[in-house]
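Residue numbers (the working numbering), protein chains in the order written: chain Y, 2 to 553; chain E, 2 to 332.
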């Protein structure tokens, strides 16, 4: 049975490294998350590890992922994502777009309550909107709300949103955590949300967990909200321990001091492969939300010709790269979208490892080897600098492998590793773009709109298209893709976008590294999906006989 | 004596201002501003120029550097350390106040253990130079010098935390701390401190016992020690009373110099053992370019350094009558 399931899984996983079925079998049976034979029970504590201190309890005005992790259990959005990343109602019961995508009607759930007992109503949504667009609010999410023309509460449980123009991310905007007007209004109006006492202690949300305690630098403790509108979550407590060192987290994991953590590729493949660990933890693996790439300064005449970039793509053996850098725990990136998401397509031009083809392409452009095997054009040797940031060993290794590969072609690459802030400020963001080539990564959001990264209007000094890519067709596709609220239509544009980008290779897409979380095996009903494992957190449970922390 | 101390205290003030000025300039020279570091490593698709401008204005970063420094200094003169630029916007003093006790406790205990152990070790290996004891401690000392503390820490965590399960690996308290009876709470807290203090002591002990040995060796060769022996005093009295007192003098200097370290905290130990102390606070503040916290930290540490130097100088007088007497005669 397990074997059959395994073969099926193998068939579904697209081109790229497979960890082999041995690893997959360690995760519990796929459909139920190991819940069969057990009765769901309330109780027990889940101990998680965070590497960074959280900076506040109102996530809308924070920017660190630790605050988001904690915030997502304290608050709700109007909508959220299911295991396949499709929208489902959270505080919203249902919603409907008008044909022209300009009007959005949202019906709210009637049984949601704030942690202080007050009912949640449309007025709170209105308040959150007002707060987010208030120029005094220090939030990074204001941009999302700029397309909104007006928000009106028709009655306490019905909202009407009007957009200035059709906006693809309209629904995603409403994933924003909704804040309570009756508690936060006076701080929000003054732009002092960060100073609000609820940012430090006793936050009031609608979420499945309530705040219990925060000792800065030490831990954050949340307790289950028995009146949660979707039903009380099974795990009674969630403790976030703040442990800055990855090595310490790993030891704590071995000593059962934490229940869940993300592993490195090395830990996943080599250091956790013994019976006691396999018994105590389930390992999971799914593609992460960021890809690593080799980018070029397209203002540099040498890289302007797409044939040069294609030649480089042929010269890099991606399989060997993923094996070398990630011990095989990553997936080939063919474009800027994560395999398995709705916008993704595998039907694009790929560049198999082929040195002869690479040489031929370079020769077409006029780069020919001289007596020492160095490529020369117009008397100039092909020589450039490859930069990456300090503190990321993975990128440094990628740079070294790229260096070796291009060396074989006769291209001389010099690697420079520079501190992050300095790299951005002195080289990448400078208007004159003082770099030849870079190894960096892009995080991929849940929405496929990547206007800011690829559009030719976004090449200004502080903007993100710093490789200076300009392609009229890409511009058009990006514009069309972001101005529709219908997924089928958007899919069309984004599939075409991937074809063009694959053809053009403005950057060489290298890989999506896998997320490698482990969770204590006593926790049941964890079912890995494209969305990861956390999407059904409130359904996770520990059977009574396996509960470890019983003091409530 | 008092007049001397007062004069030194007054002289320290301009020195402190100088230190803060240089630090202020240096930290502002580092690339990246707090507003940029905040929106998530700043290659974020969400970064919002308008918000950054507004924050810059709120923090006063749009003013020229000398003006910023002057504002900071005038606020400081009213003992207002300002508010953190971090998204939690807590007052700097509150942040430091949360972290200081742990660091202080850890380092004071460490320092006491080091002195209690290092002085006898140093004395013994000096008086029995080239004995087996001396040789063993010499080896121990070099091992102590050469061992990186993060490595030792990880090894000890693996042994006592994972393999044997005798001691907790990291943090300050167990998660069920609140539910424990009083005595168990104390033991729980202590057991969390054993490894970090042990590791920190091991490194410090090596250096300190070496100084002690060296200093003792020099004193033992002095004529007056010979005289004491010639006079027929017991060896214990010669060493314990006459030699030791003089040998302790350089140790006082070193102690004085390590006082500021008591407040600064060790980044490595704190990060590995997940102890929320001053070292971690400072490092995080530097990464986030949280200027008020960095400067607040610096003021606290440099004030203590200056004070410690002063105390060390005054203590000389107490430990060494020659200095005291010399000064009186000089006047």
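Beta carbons: idealized from backbone N, C-alpha and C, even for Gly. Quick caveat: nothing in here was measured; it's all calculated off a predicted structure.
Cβ-Cβ separation, residue j to residue i (assumed contact under 8 Å), whole Å
i, j, result
"residue 266 of chain Y", "residue 330 of chain Y", "5 Å"
"residue 242 of chain Y", "residue 259 of chain Y", "6 Å"
"residue 510 of chain Y", "residue 354 of chain Y", "No, residue 510 of chain Y and residue 354 of chain Y are not in contact; Cβ-Cβ is about 15 Å, not under 8 Å."
"residue 254 of chain E", "residue 313 of chain E", "6 Å"
"residue 105 of chain Y", "residue 155 of chain Y", "So it is not a contact: roughly 12 Å between Cβ atoms."
"residue 303 of chain Y", "residue 506 of chain Y", "Not really, about 14 Å apart at Cβ, beyond 8 Å."
"residue 244 of chain E", "residue 268 of chain E", "Actually they are not in contact, since the Cβ atoms of residue 244 of chain E and residue 268 of chain E sit about 38 Å apart, beyond 8 Å."
"residue 406 of chain Y", "residue 318 of chain Y", "7 Å"
"residue 15 of chain E", "residue 64 of chain Y", "About 40 Å separates the two Cβ atoms, so there is no contact after all."
"residue 311 of chain E", "residue 13 of chain E", "7 Å"
"residue 199 of chain Y", "residue 59 of chain Y", "6 Å"
Separation of residue j from residue i, as counted between CA atoms
i, j, result
"residue 458 of chain Y", "residue 479 of chain Y", "11 Å"
"residue 197 of chain E", "residue 281 of chain E", "14 Å"
"residue 423 of chain Y", "residue 429 of chain Y", "9 Å"
"residue 27 of chain Y", "residue 252 of chain Y", "Confidence is the limiting factor: at residue 27 of chain Y the pLDDT is only 45, short of 50, which leaves the residue's position unreliable, though a coordinate-based value still follows. Each residue's alpha carbon lies about 20 Å from the other."
"residue 257 of chain E", "residue 318 of chain E", "14 Å"
"residue 70 of chain Y", "residue 62 of chain Y", "14 Å"
"residue 54 of chain Y", "residue 218 of chain Y", "5 Å"
"residue 512 of chain Y", "residue 139 of chain E", "52 Å"
"residue 132 of chain Y", "residue 116 of chain Y", "20 Å"
"residue 83 of chain Y", "residue 447 of chain Y", "12 Å"
"residue 393 of chain Y", "residue 441 of chain Y", "10 Å"
"residue 539 of chain Y", "residue 93 of chain Y", "18 Å"
"residue 136 of chain E", "residue 217 of chain E", "16 Å"
"residue 268 of chain Y", "residue 515 of chain Y", "13 Å"
"residue 108 of chain E", "residue 228 of chain E", "40 Å"
"residue 444 of chain Y", "residue 214 of chain E", "57 Å"
"residue 22 of chain Y", "residue 286 of chain Y", "The pLDDT assigned to residue 22 of chain Y is 36, lower than 50, so where the model puts this residue is not dependable, and the model offers no usable value."
"residue 365 of chain Y", "residue 312 of chain Y", "10 Å"
"residue 25 of chain Y", "residue 167 of chain E", "Because the pLDDT at residue 25 of chain Y is just 41, under 50, the model does not fix this residue reliably, and the value given afterwards should be weighed accordingly. Near 34 Å, if we compare the C-alpha coordinates of residue 167 of chain E and residue 25 of chain Y."
"residue 396 of chain Y", "residue 412 of chain Y", "20 Å"
"residue 327 of chain Y", "residue 284 of chain Y", "16 Å"
"residue 42 of chain E", "residue 179 of chain E", "Because residue 42 of chain E sits at a pLDDT of 44, beneath the cut-off of 50, its placement in the model cannot be relied upon, and the point is left open."
"residue 111 of chain Y", "residue 70 of chain E", "54 Å"
"residue 296 of chain Y", "residue 414 of chain Y", "14 Å"
"residue 57 of chain Y", "residue 257 of chain Y", "28 Å"
"residue 1 of chain Y", "residue 33 of chain E", "The requested residue 1 of chain Y does not occur in the structure, where chain Y is confined to residues 2 to 553."
"residue 499 of chain Y", "residue 147 of chain E", "54 Å"
"residue 40 of chain E", "residue 102 of chain Y", "For residue 40 of chain E, the predicted model reports a pLDDT of 48, less than 50, meaning its position is unreliable; a value from the coordinates is still stated below. Cα to Cα, the separation comes out at about 31 Å."
"residue 98 of chain Y", "residue 52 of chain Y", "41 Å"
"residue 3 of chain E", "residue 307 of chain E", "17 Å"
"residue 374 of chain Y", "residue 533 of chain Y", "47 Å"
"residue 298 of chain E", "residue 283 of chain E", "7 Å"
"residue 316 of chain Y", "residue 410 of chain Y", "8 Å"
"residue 341 of chain Y", "residue 288 of chain Y", "9 Å"
Span of the beta strand (DSSP E), counted from its first residue to its last, around residue i
i, result
"residue 49 of chain Y", "44 to 51"
"residue 293 of chain Y", "287 to 297"
Endpoints, the alpha helix (DSSP H) within which residue i is located
i, result
"residue 111 of chain E", "93 to 128"
"residue 189 of chain E", "183 to 221"
"residue 19 of chain E", "3 to 30"
"residue 183 of chain Y", "182 to 190"
Cβ-heavy atom distance, residue i to the ligand COA, below 7 Å
i, result
"residue 354 of chain Y", "Although the ligand COA was asked about, the structure shown includes no ligands whatsoever."
Cβ of residue i within 8 Å of any chain A Cβ
i, result
"residue 69 of chain E", "The displayed structure is made up of protein chains Y and E, and chain A is not among them."
Review point. Just checking, does the region 66 to 79 of chain E make contact with the region 276 to 290 of chain E on the three C-beta pairs under 8 Å criterion?
Key: no
Check your understanding: What alpha helix (DSSP H) runs, 4 residues minimum, are completely inside the region 237 to 275 of chain E?
Key -> 245 to 265 and 268 to 273
Review point. Which residue spans inside the region 364 to 419 of chain Y form an unbroken alpha helix (DSSP H) run of at least 4?
Key: 394 to 410
Review point. Can you give, in chain order, each stretch of the beta strand (DSSP E) that sits fully within the region 128 to 173 of chain Y and has at least 3 residues?
Key: 149 to 156 and 159 to 164
Review point. With a cut-off of 8 Å, do at least 3 Cβ pairs link the region 205 to 218 of chain Y to the region 228 to 237 of chain Y?
Key: yes
Check your understanding: If we count Cβ pairs, one from each stretch, closer than 8 Å, do we get three or more for the region 346 to 362 of chain Y versus the region 381 to 401 of chain Y?
Key -> The region 346 to 362 of chain Y is not in contact with the region 381 to 401 of chain Y.
Point to revise | Every unbroken beta strand (DSSP E) inside the region 36 to 97 of chain Y [3 residues or more] | key: 44 to 51, 80 to 82 and 88 to 90
Review point. Counting pairs of beta carbons, one from the region 169 to 182 of chain Y and one from the region 471 to 491 of chain Y, are three or more of them closer than 8 Å?
Key: With a cut-off of 8 Å, the region 471 to 491 of chain Y and the region 169 to 182 of chain Y count as touching, because enough Cβ pairs lie within range.
**Study point:** Within the region 235 to 281 of chain Y, ranges of the beta strand (DSSP E) (whole runs, at least 3 residues)
**Key:** Listed in chain order, they are 236 to 243 and 261 to 263.
Practice item. Ignoring anything shorter than 3 residues or poking outside the region 479 to 527 of chain Y, list the beta strand (DSSP E) runs there in chain order. Key: The region 479 to 527 of chain Y is shown to contain whole beta strand (DSSP E) runs of 3 or more residues at 508 to 516 and 518 to 521, in chain order.
Check your understanding: Do the region 19 to 36 of chain E and the region 62 to 72 of chain E touch if we need at least three Cβ pairs shorter than 8 Å?
Key -> yes
Check your understanding: Contact between the region 175 to 182 of chain Y and the region 127 to 143 of chain Y: three or more CB pairs below 8 Å?
Key -> yes
**Study point:** the region 196 to 211 of chain E / the region 225 to 239 of chain E touching (three or more Cβ pairs under 8 Å)
**Key:** These segments do not touch.
Check your understanding: Does the region 71 to 90 of chain Y touch the region 139 to 156 of chain Y, meaning 3 or more C-beta pairs lie closer than 8 Å?
Key -> no
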